[in-house]
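Below is one structure, written out as structure tokens; the observations come after it.
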Amino acid sequence: MSFGAFIRERRMSKGLTLFDVAAEAQVSVPYLSRIER
Numbered sequence: 658m659s660f661g662a663f664i665r666e667r668r669m670s671k672g673l674t675l676f677d678v679a680a681e682a683q684v685s686v687p688y689l690s691r692i693e694r
């Protein structure tokens, strides 16, 4: 499992959106989306 897949799996298992995680991590939504892909 890649790092991006791990992050996506954890985010989804906690019911969080990309926006939620991006805001908490202080990164942009497109940046986080690219990491997950």
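Numbering (my numbering), first residue to last: 658 to 694. All C-beta atoms, glycine included, are put in the ideal place defined by N, C-alpha and C.
Please state the DSSP three-state secondary structure of L689. Three-state DSSP puts L689 in a helix.
Rounded to a whole number of angstroms, what is the C-alpha to C-alpha distance between M669 and V678? 10 Å
Go ahead and pull the three-state DSSP assignment for M658. Coil at M658, not helix or strand.
For the alpha helix (DSSP H) that contains V678, what are its first and last residues? For V678, the enclosing alpha helix (DSSP H) begins and ends at L675 to A682.
Chain-order list of residues whose beta-carbon lies under 8 Å from that of F676 (same chain, five-residue window excluded): Hits under 8 Å: V686.
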